[in-house]
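Below is one structure, written out as structure tokens; comments come after it.
Protein chains in written order, with the working numbering: chain A, 36 to 232; chain B, 36 to 232.
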């Protein structure tokens with residue numbers, strides 16, 4: 036690794052790669068430090084320990100991997116049509132982010148039993164939906180946190196389980212773009228109809 | 036185990052217990068046969084192998100564990116109100132089934148990377164929703180398979196991940212009945228509004 040860059044950045048990148056390959060337990064402090072070209076005690080020095088480095092890697096990953104869907108909902112929807120269009124694009128780009136990073140996602144969720152924190156992403160979605168509700172675009176009864184949960188559970192599971200288990204290759208959202216488009220449209224249709232005023 | 040009962044039944048019960056405890060790979064043919072009080076070659080004789088016994092255990096489990104939600108949707112809904120009431124009860128009882136059997140469910144899904152087959156349950160839900168669509172209770176655009184997927188992903192993940200990771204014990208559907216009731220109501224509200232005509 037390029038020794039010119041700051042040590043914390045090098046440790047983050049080394050951690051990212053090794054945690055993704057081996058999980059939290061599998062990646063040792065010694066290995067991470069070696070890949071970063073630093074002494075093992077530098078992880079303690081810069082982050083306070085392996086757990087804190089891991090948390091920092093997850094935060095960075097969440098922020099980067101889900102930047103596109105977060106941007107799509109950055110500005111409020113001005114009309115019902117705009118809400119629908121943005122929500123559909125947001126679902127498509129969130130699914131894309133899960134697909135692009137499915138290795139890390141599978142390790143985290145299945146092997147480590149953890150969620151990706153997605154802190155900024157979640158806050159952005161909640162803000163967008165809350166504003167739409169305030170603006171009368173959503174039914175007053177809608178619980179916006181549940182909308183986010185439905186979207187994440189549905190998209191995440193598709194990448195985590197359904198696609199890899201699909202008996203029929205035609206019904207695989209990861210490898211079949213036509214099916215993915217139809218799948219997204221059918222799910223967005225139910226969710227948008229379920230929350231729109 | 037009671038040696039009076041038929042050998043296939045004893046093998047199914049022994050398999051059920053050991054697969055749930057140790058997963059497919061962890062449970063050996065020898066151990067299962069011993070627990071059933073039979074010679075190891077009896078698994079081959081009665082089922083054709085460990086994989087076939089495993090599949091039979093899963094089918095039996097699916098059928099028994101999800102019998103209540105399957106019965107709730109056995110007869111078609113006669114009106115929009117009846118549809119809503121049945122759908123809400125169905126969601127509540129499906130969540131209950133996941134909670135009651137969460138150990139097996141976690142082993143299957145997380146460790147083995149498999150779905151519970153739920154063959155009869157799935158067929159029953161699809162038939163109920165398709166009939167409701169034919170009867171004009173659902174919007175024509177609704178893809179009933181996606182409705183089933185949304186319900187299973189949402190309820191399953193809550194038991195598989197969300198509840199065990201809940202930082203706030205108040206937000207745990209497994210241990211807090213009040214939260215579970217509110218959570219179910221909010222999710223059913225979105226889904227019913229999303230599919231009703």
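Note that the Cβ used here is the ideal one computed from N, Cα and C, for glycine as well.
| query | result |
| --- | --- |
| Contact set between residue 70/A and chain D, taken where Cβ atoms lie within less than 8 Å | Among the protein chains of the structure shown, namely A and B, there is no chain D. |
| Amino acids of chain A, ordered along the chain, whose beta-carbon sits closer than 7 Å to that of residue 221/B | 178 and 181 |
| Within 8 Å of chain A by C-beta, residues of the stretch 146-177 of chain B in sequence order | 148, 149, 150, 174, 176 and 177 |
| Beta-carbon proximity check, residue 189/A vs residue 228/B, cutoff 8 Å | no |
| Interface flag, residue 73/A vs chain B, CB-CB below 8 Å | no |
| Minimum length 4: unbroken alpha helix (DSSP H) runs contained in the stretch 38-78 of chain A | 42-61 and 64-71 |
| According to DSSP, residues forming a beta bridge with residue 173/B | 231/B |
| Where residue 97/B falls, given that 16 or more other Cβ within 10 Å makes a residue buried | buried |
| Per-residue burial, residue 81/B [other beta carbons within 10 Å of its own, 16 or more giving buried] | buried |
| The stretch 85-98 of chain A: positions lying closer than 7 Å to chain B by Cβ | none |
| Option in 101/A, 62/A and 69/A with minimal Cα separation from residue 86/A | 62/A |
| Where residue 210/A falls: helix, strand or coil (DSSP) | coil |
| Beta carbon proximity, residue 58/B to chain A, threshold 8 Å | no |
| Beta-carbon neighbours of residue 229/A, restricted to chain B and to distances below 7 Å | 225, 226, 228 and 229 |
| Cβ pair count under 8 Å reaching 3, the stretch 156-169 of chain A against the stretch 190-201 of chain A | no |
| Reduced DSSP category for residue 159/B - H, G, I as helix; E, B as strand; rest coil | helix |
| Straight-line Cα distance separating residue 232/A from residue 217/B | 21 Å |
| Reduced DSSP secondary structure (H/G/I, E/B, other) of residue 97/B | helix |
| Residues near residue 122/A in its chain [Cβ-Cβ closer than 7 Å; skip 5 each side] | 223 and 227 |
| Boundaries of the alpha helix (DSSP H) in which residue 144/A is found, first to last residue | Premise fails: residue 144/A is in no alpha helix (DSSP H) and is neither H nor E. |
| Residues within the stretch 198-214 of chain B neighbouring chain A, beta-carbon criterion of under 7 Å | 200 |
| Per-residue DSSP class, three states only, for residue 153/B | coil |
| Residue 200/A burial status per 10 Å Cβ neighbour count (16 or more: buried) | exposed |
| Alpha-carbon to alpha-carbon, residue 69/B and residue 103/B | 33 Å |
| Beta-carbon gap between residue 127/B and residue 219/B smaller than 8 Å | yes |
| Exposed unless 16 or more other CB atoms sit within 10 angstroms - verdict on residue 100/A | buried |
| Residues of its chain near residue 205/A, where Cβ-Cβ distance is below 7 Å and the 5 sequence neighbours each way are ignored | 211 and 214 |
| Local Cβ density within 10 Å of residue 109/A, reported as buried at 16 or more and exposed below that | exposed |
| Rounded separation between residue 202/B and residue 184/A - CA only | 16 Å |
| Contact list for residue 185/A against chain B, beta-carbon separation under 9 Å | 185, 188, 189, 222, 225 and 226 |
| Own chain partners of residue 172/B with C-beta closer than 8 Å, once the 5 adjacent residues on each side are dropped | 112, 114, 115, 118, 231 and 232 |
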